[in-house]
Structures are given as structure tokens and as C-alpha cells.
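First comes the structure, then the notes that go with it.
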Amino acid sequence: MELPPSLSHAGRAAALAAGCVCYRRGSPGRGLALRAVRRARRQDVDGVGHKYHLELVLEDVLDKDSTVNCTAEVLYHLGKKTIAPDVEFTIEGELKNTDEADNAFYNQIKSLEKELVAENIPDSHGNVSPEMEPIHLLAWVASGYVMWQNSTENTKFQLAQIKHVKQVKRSDEYLEFDYMILLHEIVSQEIIPWQMTVLWHPQRGVQVTQDSRQPKHAAE
Amino acid sequence: DQVLHIVPETFQQVQHLQHLCSTLLLDLWKPLLPEDIWVGEDLHIRVPAALVQEVKDSLDQPTVPYKVLIPDVQELVDQSMPRETSSHRQVPEGYVYTQYHPMEEIYQWMTQIQKNNNELVTQHYLGKTIENRTIYYLQISQPSDKTKKIIWMDCGIHAREWISPAFCQWFVKEILQNYKSDPKISRFLQNLDLYVLPVLNIDGYIYSWEKERLWRKNRSPHMNGTCYGTDLNRNFNSSWDSIGVSYNCSSETFCGSGPESEPETRAVAQFIDKKKSDILCYLTIHSYGQYILTPYGSTTKPPSNSEQLMHVTEKAAAALMGKYGTSYEVGSTSLILYSNSGSSRDWAHMIGIPFSYTFELRDNGTHGFVLPPQQIQPTCEETM
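Residue numbers (our numbering), protein chains in the order written: chain B, 74 to 293; chain U, 8 to 391.
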């Protein structure tokens, strides 16, 4: 059965899809955000769940004029709250190549004598220093995974702030960062601290290897 | 004057630089003393304009690599000083509207604004917060013998939405700077009075500056002081407590112990209720999301004048988009966002104020509540 979904539900599915796309295609040089929902259609699949068919416009966080169209399907599984929604997507056209920026960041971190540590990105006034922008974007990309894995039809997440980030030394070629982030859940208006361990390599993409929701005042 | 950045590569270079600094009495910015100049460490020297060439020549033999960090020190100094406005001094000198201000400064700003514009602006007492701070609103009113309808706008119901009080301040500044020269604003003020409340949730706003940036509610204590804060925008008497709220104090949408249980809510509600027959429009400013929201949140049943409401909202969104291309979605909260009861906007409409809107300002989530100050100006200009 097909229904036009309410704007609020379409918005939630779209945010989820955008987070998933960002996770799969993002890097410290490229973050994607949802610009607009062109079209949305909801399909009730008997015995399975609710499937949203979406046409989205995504924008490059670093260059708002750069956008791509994307079609996505989000399937929320009925009843089984512990299973993450299924997301499939296709991006129309090419995303900007960020190899140069990614490699520069990779080399910069590799050459640090002491492991990187930072807090409050952005700061209270919304400022992110240029050196911290890739660290910020990496969290933005990785949080797409956390949001995707923990979303239901009644949630809509955004990354609010990085409370703390610490680089973890590795003997292999990957970079590893341990983040404590704050997620804003729009329906309940709650701010949820979340810990995530993020692996990245320019050719291998972003991976969240471990993540856990934290008690409300864990980040203070 | 120029500031040079040098990283000495050898001990000989260090000695050369130390000699140069002491003989020419150069102004060392980093480090502070010549004896602290080291190999491999950043050196920043300010060189007076008259000596720039001499110093650079000296650095070329033998070659000490340098970079010009600041090509013109005076220019930088001029830029960082508050500019003298040639226009009338209607707004406090040097008040930077493109930065976020703590509550102390906002209180001072209100006093100054009234002082500088006392033919038009009066500051009024509205009530007290739970922590006993005074809530003031500004009345912008052109003297006239006819009673005028009122437009009420409040900002800062939710502490973390810093762009909201920033907008209220900007709004007041714009009106006062332009009411004589802009025919639209001047006609506006001939027929309408503006009441602006820059920060309603003062305790929460201060808390978000000092303790927890993402705090939302007020600071009323519950459960013997083990839990704080009621969501003021769930505390109004509009289907209070029926949907989209929490009865748990530790939740962000805790609606309080009863409708209008909070002094901040009561302060606004009592005033608006008293003046309701004269109030044409109730506006409440929030962030983020880029929405213009109409009643209701508590039900999807449309309000009686929904066509009128939507017509105005759609025009507003179009005008907003015309400025910088920013797109705002319009519609009722219950359809666009989520269900919620007890909101100030719903209550205002329910008691008879025909035009009642919630603005959710920039952005779409990329920065969310922590909107960088560079976005204050464009956000305010387009919303204006």
C-alpha cells in the first residue's frame, strides 16, 4: 500500500539516508549534508515494515554550492527495534575528488610526534579552527553510521558537537580516533553522548569499529 | 610596520638574530626576550617601517629564510577598532551585532538602546525568573494619538538557541537605524507598536554560557534539587501535557508541574493575556531547522484562519529566500516536525491572537545550535 508520508516522517527517513550516504562516501575532506527532499513515497510492506522511497539533494558541507542528487530507499523493520533500517542509495553524477586534501591530512597526522587530542569542536560560539576541520568532518561522517544504526521512524539525529577526541596510536597504516560526541535527537530534543572508535585510511574509507551510547552526563 | 616570521635553522642564525634584535631594539612578539630565541622555534619580530629594508637586507647575508607574517600592522590595528558610524548614534557605539553576547551585556545593551532612542523606545519590567533575575522587554512605539495594534516578538525561550536572542537584538537595531529613512519601516511604526523580548529564559541562557552549552530548559529545581529545568515551550496552557512532552524532570521536554508553573511562562502569559485584544501578531523565535511554523503542535486539526496564516507564511518564506536563497519550510508543527503541546505559539492563537508563528532560524543541522557568528548577519538580514 502506498501513502504520501507526512513531512515529518519523510524528513526523518531522509536524514537517516543522508547519514548513511555520508558514512559510505565521506572522508575528512568531504562531508555531505541533506539539502532538500525532492520527493518521498511510503510503501507498507506487509509483514516486513515501512519502506520510504526518496529523492534527495545533498550538499557538500565545505562548499554549499556543490550539490548532488541522490535516490534512496529506507526500510524500517516492523517491530524489530534492534535491527537497523536497511538503506540503499544511488548518487547521480560525480562527487568532488578530495584525494589531495585527504592525503595532506593523512600525512599531517602521521607525522605528529604526539597523538592528537582536542575538545569542544565546534566551540560554544560555533567556531572550528582550520586545522580541526578534517577532524570535525571525520566525526560528521562517522556519526552518520551511528545515527543510521540507531534510528527508528520516531527519531531524527544530528551531530551537535564533538566533546572530546583522542588519537590512538596504531602500528599499521590506518588512523584511529576515539571520539566522544553529542548527538541531538530532534523528536525528543535530547542531547545524547555517544562514544565511537573511528578508523580511516585515504583509500579504505571511514569505519566505525566500536560505538556505545553513554549516560546523559557522561560528557561533562 | 611589518611582522616577520623566522625559524632559525642553525646556532649561527640564532646569534645573528639576537644581535639584530638587540642593536636595532626590535619589538619581539615571540619569544619575549632575545635570549629565548632557539633553533627550530618560531620567531615573530615586529619591524618598524623605516627599518624593514635594512632588516631584510641583513637577513639575506648570510641567508636567513623569513616570511612576512603581517605586511601592514597599522591596517590590522585599524580593522580591529570599532568603527565610527557617521550615521546617527541611535545604537550603542561599538556594540557588535555579529557576535554572541552574554546576558550581562544584553542587559547593558537594553539600557543603552533606551537611552539613545528615548523618543521611541521604552524598557519595561515583565517579571522575574526562577533564579530571581529581571525579565525586561522593549517597547518601540511612535507617539501618536491613535491606539495601535501590537506585534509581540520573544526570543530565547530555549537557552541553547543563541541565534535567537542575537536576532532580537539585530531586529531592534535595524528598526532604530532605519525608521526615518526606510518608508516601509516608517509606515509600519505609524500603525503598529513593536514589543520585543530579547531573552525570556535568562537563567537558562546564562547556564548555557557558563556551564552547559546545549542546555534547553529553565533552571527550576525539582525533586529536592536533584533535577533541574522545565521546557518553557511545553509549559503554556495550550492542551498542556497532552502530547509530545515528558513527565520526567530529567527529560528535555519536561512540561513542568502544571500549566504556567514557571515564573517565566507566567510573566509572558499574564502580559499577553492582558493585552490580547490589541495584539495582532505573536512571534516566537527559535532555532534550528529553517521553518516557519503555524499552529498547532498538539493536533493536526487546522486552526480556524489557517488559509490566512499560510498565505502570510508563504509570502514570508518567499521573501526570506529572496535574500540569500535560504529555503524555509512552512506549515504546522504537528505536520512538519512532531507533536507537542503547551507551546507558547499555540497558546497565543488559542486565546485569540490571529497571527501566531514560530520561526526556527538557521541552519539545517550542519551546525545546529552552535551556529558560527559569521552566520549571524546573513541569518538576521534574510529574516528581517
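Every residue, glycine too, gets a C-beta built ideally from N, C-alpha and C.
Note that the structure is a prediction, hence the values are computed from the model and not measured.
Does the distance from the CB of residue i to the CB of residue j come in under 8 Å?
i	j	result
U:Lys-155	U:Leu-127	no
U:Gly-338	U:Thr-373	no
B:Arg-85	B:Lys-187	no
U:Ser-348	U:Trp-247	yes
U:Ser-249	U:Ser-305	yes
B:Arg-97	B:Thr-140	no
B:Met-298	B:Gly-92	No information on residue 298 of chain B is available, as it lies outside the stretch 74 to 293 that chain B covers here.
U:Asn-225	U:Glu-267	no
B:Pro-207	B:Gly-102	yes
U:Leu-204	U:Tyr-132	no
U:Lys-135	U:Ile-142	yes
U:Val-275	U:Ser-341	no
B:Gln-268	B:Gln-287	yes
U:Thr-260	U:Ile-164	no
B:Val-199	U:Leu-378	One detail in the question is off: residue 199 of chain B reads as Gly in this sequence, not Val. Result yes, Cβ atoms of B:Gly-199 and U:Leu-378 sit closer than 8 Å.
U:Ile-358	U:Ile-157	no
B:Pro-77	B:Tyr-125	no
B:Val-121	B:Leu-151	yes
U:Leu-360	U:Tyr-289	Residue 360 of chain U is actually Ile in this sequence, not Leu. Cβ distance < 8 Å, so U:Ile-360 and U:Tyr-289 count as in contact.
U:Ile-279	U:Leu-201	no
B:Ser-81	U:Tyr-102	no
B:Asn-271	B:Leu-211	Before going on, a small fix: residue 271 of chain B reads as Val here, not Asn. It is a contact, given that the beta carbons lie within the stated cut-off.
U:Gly-115	U:Gln-149	Per the sequence shown, the amino acid found at residue 115 of chain U is Gln instead of Gly. Not a contact, by the Cβ cut-off of 8 Å.
U:Glu-389	U:Lys-330	yes
Since residue i meets chain U, which of its residues come closer than 8 Å, beta carbon to beta carbon?
i	result
B:Ala-233	Leu-221, Gly-375, Phe-376, Val-377
B:Leu-255	Leu-221
B:Ala-145	Under the 8 Å cutoff, chain U gives no residues; its nearest Cβ is about 17 Å from B:Ala-145.
B:Ala-106	Asn-371, Gly-372, Thr-373
B:Ala-109	Ser-334
B:Pro-195	His-374, Val-377, Pro-379
If the cut is a Cβ gap below 7 Å, which residues of chain B does residue i touch?
i	result
U:Leu-344	Ser-81
Going along the chain, which residues of its own chain have a beta-carbon closer than 6 Å to the beta-carbon of residue i, five neighbours each way excluded?
i	result
U:Thr-169	In the sequence on display, residue 169 of chain U carries Trp and not Thr. Excluding sequence neighbours, U:Trp-169 sits near Tyr-107.
U:Gly-296	Glu-367
B:Val-190	Lys-239
B:Val-134	Gly-104, Ala-106
B:Cys-95	Leu-105, Val-214, Gly-217
Find the residues of chain B that neighbour residue i, judging by a C-beta separation of less than 9 Å, and give them in chain order.
i	result
U:Thr-408	Nothing can be reported for residue 408 of chain U: it is not among the residues displayed for chain U, which extend from 8 to 391.
U:Pro-380	His-198, Gly-199, Asn-200
Leaving out the 5 sequence neighbours to the left and right, which residues in its chain are closer than 7 Å to residue i when beta-carbon positions are compared?
i	result
B:Arg-299	The displayed coordinates of chain B run from 74 to 293. Any statement about residue 299 of chain B would go beyond what the structure contains.
U:Leu-66	Tyr-73
U:Gln-19	none
B:Ala-233	Leu-255, Leu-256, His-257, Ile-264
U:Asp-210	Thr-136, Ile-137, Glu-138, Arg-140, Asn-225, Arg-226
U:Gln-448	Nothing about residue 448 of chain U can be read from this structure; chain U reaches only from 8 to 391.
U:Arg-167	Ser-215, Arg-220, Leu-221, Trp-222, Arg-223, Phe-376
U:Asp-8	Arg-53, Val-54, Pro-55, Ala-56, Val-80, Gln-81
For residue i, which residues of its own chain have a beta-carbon under 8 Å away from its beta-carbon, when the five flanking residues on both sides are left out?
i	result
B:Glu-246	His-274
U:Val-10	Trp-36, His-51, Ile-52, Arg-53, Val-54, Val-75, Leu-76, Ile-77, Val-80
U:Ser-257	Cys-234
U:Thr-17	Val-46
B:His-123	Arg-115, Gln-116, Asp-117, Leu-148, Tyr-149, Leu-151, Glu-226
U:Val-21	Pro-15, Ile-44, Trp-45, Val-46
U:Asn-255	Phe-261
U:Val-252	Asp-238, Arg-241, Thr-260, Phe-261, Cys-262, Asn-347, Ser-348, Gly-349
U:Ser-93	In this predicted model, U:Ser-93 has a pLDDT of only 38, less than 50, meaning its place in the structure is not dependable; the value taken from the coordinates is given anyway. Cβ within range, chain order: n/a, list empty.
Contact check, residue i vs residue j under 8 Å by CB: the rounded distance?
i	j	result
U:Pro-172	U:Ile-113	7 Å
B:Ala-177	B:Phe-162	Actually they are not in contact, since the Cβ atoms of B:Ala-177 and B:Phe-162 sit about 28 Å apart, beyond 8 Å.
U:Ile-299	U:Ala-323	6 Å
B:Ser-100	B:Asp-175	5 Å
What residues from chain U crowd round residue i, counting only those whose CB sits closer than 7 Å?
i	result
B:Ala-86	Correct list: empty, because the minimum Cβ distance to chain U is about 14 Å.
Counting only Cβ-Cβ distances shorter than 8 Å, please list the residues of the region 305 to 338 of chain U near chain B, keeping chain order.
So the list reads Ser-334, Glu-336, Gly-338, given in the order they occur along the chain.
Contact residues within the region 101 to 115 of chain U, judged by C-beta distance below 9 Å to chain B:
Gln-106, Tyr-107
Taking beta-carbon pairs under 9 Å, can you tell me which members of the region 118 to 134 of chain B lie near chain U?
Within the region 118 to 134 of chain B, Glu-132, Val-134 place their CB atoms closer than 9 Å to a CB of chain U, listed in sequence order.
At a Cβ cut of 8 Å, what residues of the region 266 to 288 of chain B count as close to chain U, listed as they run along the chain?
none
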